[in-house]
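As given, the protein sequences belong to chains C and E, one line each in that order. Counting from 1, one number per residue, gives the positions in the first sequence under this note's numbering. Counting from 419, one number per residue, gives the positions in the second sequence under this note's numbering.
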Amino acid sequence: MNEEKKPARKKIHSTTEMNRIMAEYFYELDNAAKTGEKKIAWCTSVGPAEILRAMGFLVYFPENHAAMLGATRMSTDVIPLANARGYSPDICSYLTADIGAYIAGVTPLSKAYKGIEKVPKPDVLVYNTNQCRDVQDWFMWYAQMFKVPLIGINTHLGIRDVNDAHVASIVKQMEDLIKPLSAVSGKKFDLDELKQVVALSRACSDSWKKVLDTAAAVPSPITFFDGTIHMGPAVVLRGTKQAVDYYNLLLAELNERIRNKESALENERFRLYWDGMPVWGRLSDHAALFANLNTNVLASTYCNSWIFTDFDAADPFTSMARAYTKLFIVRSDEPKEQYIKDMLKFFKIDGIIYHDAKTCPNNSNCRYGMPKRLEEETKIPSLTLNGDLNDLRCVSDEQNKTNIEAFIEQLEESKPGL
Amino acid sequence: MNAKKVFVGIDIGASRTKVALIDAAGSLIGYAVEKSGTDFSAAAEKCLDSSLAMAKSSRKDIVHTISTGYGRKNVSFSNAAKTEISCHGKGCFHYFPLAIAIIDIGGQDNKIIKLDSEGRRLSFKMNRKCAAGTGAFLEEMSARLDIPLENMDSLARQSGHMVELGSFCTVFSGTEVLEKIRQGEKVTDITKGLFLSVIKRVLEMDSLSENVVMTGGVVAHNPYIVTMAEEILKKKILVPEHPQLTGAIGAALYASEAQI
Ligand code: SF4
Chain C
1 MNEEKKPARK
11 KIHSTTEMNR
21 IMAEYFYELD
31 NAAKTGEKKI
41 AWCTSVGPAE
51 ILRAMGFLVY
61 FPENHAAMLG
71 ATRMSTDVIP
81 LANARGYSPD
91 ICSYLTADIG
101 AYIAGVTPLS
111 KAYKGIEKVP
121 KPDVLVYNTN
131 QCRDVQDWFM
141 WYAQMFKVPL
151 IGINTHLGIR
161 DVNDAHVASI
171 VKQMEDLIKP
181 LSAVSGKKFD
191 LDELKQVVAL
201 SRACSDSWKK
211 VLDTAAAVPS
221 PITFFDGTIH
231 MGPAVVLRGT
241 KQAVDYYNLL
251 LAELNERIRN
261 KESALENERF
271 RLYWDGMPVW
281 GRLSDHAALF
291 ANLNTNVLAS
301 TYCNSWIFTD
311 FDAADPFTSM
321 ARAYTKLFIV
331 RSDEPKEQYI
341 KDMLKFFKID
351 GIIYHDAKTC
361 PNNSNCRYGM
371 PKRLEEETKI
381 PSLTLNGDLN
391 DLRCVSDEQN
401 KTNIEAFIEQ
411 LEESKPGL
Chain E
419 MNAKKVFVGI
429 DIGASRTKVA
439 LIDAAGSLIG
449 YAVEKSGTDF
459 SAAAEKCLDS
469 SLAMAKSSRK
479 DIVHTISTGY
489 GRKNVSFSNA
499 AKTEISCHGK
509 GCFHYFPLAI
519 AIIDIGGQDN
529 KIIKLDSEGR
539 RLSFKMNRKC
549 AAGTGAFLEE
559 MSARLDIPLE
569 NMDSLARQSG
579 HMVELGSFCT
589 VFSGTEVLEK
599 IRQGEKVTDI
609 TKGLFLSVIK
619 RVLEMDSLSE
629 NVVMTGGVVA
639 HNPYIVTMAE
649 EILKKKILVP
659 EHPQLTGAIG
669 AALYASEAQI
């Protein structure tokens, strides 16, 4: 028997354009760091990037860098360096990989972009704990290293219904950022500029949502693995025109596929939902593994985390506060379960994969009984994979493979003759 | 047409390779178990030859072969591969056509597989990336206690007072075992404690339904584990005739279905 067939996953042509705008983004940051022409703010992935852009900062996202460390499999080598500095192997492996890379003096940016030697030095660090406390601790390291201010927003967690009190408290914290940010940028805050950025962020978010929603088509023109790559601009370039243009281009390509009944996989037999982080260092292996099983993992909680339908240019602060608090990760289990149930229906899902990422309990929704509850309610089977986002020491490939193949065999039994 | 149709199931586990041959009526007519070692193909060939000899058959009688287990993709003569989860389910349901929860304790992994009354799989769980509760755990402990693996069952049966081990990790359990020996505990009691540790690790994986079936090499060689599990679960546990062969038998049954 032959171990593997050739995976059949279609190439997305817009990728070339994405690579171009991402390169432009990193070179602009690198240039600013070298010349000091523009100030640089480091921001958490679901932090208040709009305020930073409106105040003239170029915005850099360490989480995006950490994901690159994972995808290039540099992370497992550098994580132990952070562990040795006292950062536990059990905490966020984005944090440990990123700090480890800094200690080692390496970055995947230099491999991807000729001439870039280091990550762009920050002038200020801005976090939002809406995802977890790890980001604050992570940024604290750099605030100490670079001797620059660390400011941020502390979001309420485990929220069932987002109410006005939640929003008001976040608005207040956002407004409080303006003064220290002005002090760093030397630029006065202008509400109209913020409105423009929020409008662009909203447009980006709307187009990104449309991109992800194309997966509802049968067969789906896109996979979750494509999504994890193509969400780059939604993370690092939201609030810019480039991101909006890019998603419109990508959307057109995917809609064209739908019109032509072109599937992302040659033969889409099963449609799965992925909950939790991707295993960055195994992205292509997982994509190939599922493709070989004629299974399209096509929708996820993760890629949808950069959809902010509440952004409203007419009311920037309140709408941002609401959008950044309504996020899945911030919520309690009831709204989370309802959300997943809606997704399962919308995307016509046959089964769910929960990735229990060892170092990110915040994005692992399988630890408090949710899979069983949802399985009983929806009758849609699920599988939990043990692994991690960046620390491959926590991943057992052979076990995952057997689990995945067995899960597909289970689905086959319930959907015979297809 | 073959005068004597033979269907082959071959289960290459991390520690043992098992082959089961069944005839067209689904009866087990030959089987063999060997160490998997590092040359999966060689182990597979050897097992196949012994089971063919037992069944008084030859290779030309083989109609279809399905491989399973960790080495399922390494068998040159198999027609297709299926995971051990499916094959164990199939094998168990063949013997117990009921809604069942199967506890399989293998050399390196544990599984709990749930089937409905039609034999359809409802769910399955495999152990995490950890040897706790597997055959490898008992193997490691037998080395620490310096007793042959095959003596563990009878030693545990002689215990009058069980020594419980708190540790989860296989390596740390080893240290704990040495500590118990230093404290003067008896090997029989420690062995019973080790069995309990295996059962606990497995039972915490999933909740169990009414009919429980136990399979796997650990169960085959240490039937006392079943008795202990029955005491804990307060119910009778079903065990097929060849608990170590269930995966291979399931694979052979799949082979017989796929032949036409
Ligand atoms: S949410 Fe998870 S991956 Fe993201 S920063 Fe927090 S711990 Fe790390």
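Think of the CB as a built atom: it goes at the ideal place given N, C-alpha and C, for glycine as much as any other residue.
- Ranked by how close their Cα comes to the Cα of ASN492 of chain E, the residues E:ASP429, E:VAL481 and E:SER615 have E:ASP429 in first place.
- At least one CB atom of chain C sits nearer than 7 Å to the CB of ILE503 of chain E.
- Here the C-alpha atom of VAL148 of chain C lies approximately 31 Å from the C-alpha atom of ASP312 of chain C.
- Within chain E, not a single residue places a beta-carbon under 8 Å from that of ASN296 of chain C; the smallest gap is close to 20 Å.
- Checking the 6 Å criterion, the Cβ of TYR247 of chain C is out of range of every heavy atom belonging to the ligand SF4.
- Judged by beta-carbon spacing, ALA676 of chain E lies beyond the 7 Å limit of GLY427 of chain E, meaning their Cβ atoms are not closer than that value.
- Boundaries around ILE599 of chain E are those of the alpha helix (DSSP H), 588-600, since no beta strand (DSSP E) includes it.
- The continuous alpha helix (DSSP H) containing GLU334 of chain C extends over residues 333-346.
- In the three-state reduction of the DSSP assignment, LYS543 of chain E falls in the strand class.
- Using a CB distance cut-off of 7 Å, GLN131 of chain C does not count as an interface residue toward chain E.
- Residues of the region 528-559 of chain E that bring their beta carbon within less than 7 Å of a beta carbon in chain C comprise ARG538, ARG539, SER541, PHE542, MET544, ARG546 and LYS547, in sequence order.
- Within the chosen limit of 6 Å, the ligand SF4 reaches the beta carbon of ASN362 of chain C through at least one heavy atom.
- Note on geometry: alpha-carbon atoms of GLU175 of chain C and ALA519 of chain E lie some 57 Å from one another.
- The straight-line gap separating the alpha-carbon atoms of LYS11 of chain C and MET231 of chain C is approximately 16 Å.
- Taking a Cβ-Cβ cut-off of 7 Å, the neighbours of GLN399 of chain C in chain E comprise MET544 and LYS547, given in sequence order.
- Here the distance from the Cβ of TYR102 of chain C to the nearest heavy atom of the ligand SF4 is not below 6 Å.
- At a cut-off of 7 Å between beta-carbon atoms, GLU405 of chain C makes contact with chain E.
- Inside the region 103-156 of chain C, DSSP marks whole alpha helix (DSSP H) runs of 4 or more residues at positions 108-112 and 134-146, from first to last along the chain.
- Assignment of alpha helix (DSSP H) within the region 37-95 of chain C, counting only whole runs of 4 or more residues, yields 49-54, 62-71 and 75-84 in chain order.
- When only Cα atoms are considered, THR155 of chain C and HIS639 of chain E end up about 56 Å apart.
- Within the region 462-524 of chain E, the complete beta strand (DSSP E) runs of at least 3 residues fall at 480-486 and 518-523.
- For the C-beta of PRO89 of chain C, not a single chain E residue is nearer than 7 Å; the gap to the nearest is close to 14 Å.
- Using a CB distance cut-off of 7 Å, GLU337 of chain C does not count as an interface residue toward chain E.
- Residue contact with chain E for SER396 of chain C: present (Cβ-Cβ distance below 7 Å to some residue of chain E).
- Note that the region 214-223 of chain C touches the region 342-355 of chain C; at least 3 beta-carbon pairs, one per stretch, sit closer than 8 Å.
- Within 9 Å of the CB of TYR672 of chain E, no CB atom of chain C is found; the nearest one sits about 10 Å away.
- If you look at TRP208 of chain C, you'll find it in the alpha helix (DSSP H) that goes 191-213.
- Spatial neighbours of HIS506 of chain E in its own chain (CB-CB distance under 8 Å, excluding positions within 5 residues in sequence) are listed in chain order as ILE520, ASP522, LYS529, ILE531, THR633, THR664, GLY665 and GLY668.
- Under DSSP, the beta-bridge partners assigned to ASP275 of chain C are C:TYR354.
- When DSSP states are grouped into helix, strand and coil, THR295 of chain C belongs to the strand group.
- One Cα belongs to GLY584 of chain E, the other to ASP397 of chain C, and the distance between them is close to 29 Å.
- At least 7 Å separates the beta-carbon of LYS210 of chain C from that of LEU249 of chain C.
- Within the model, the alpha-carbon separation for GLY578 of chain E versus ALA561 of chain E is close to 23 Å.
- ARG434 of chain E is bridged by DSSP to E:LYS453.
- Of the residues C:GLY186, C:THR129, C:ASP30 and C:ASP192, the one whose Cα lies closest to the Cα of GLU117 of chain C is C:ASP30.
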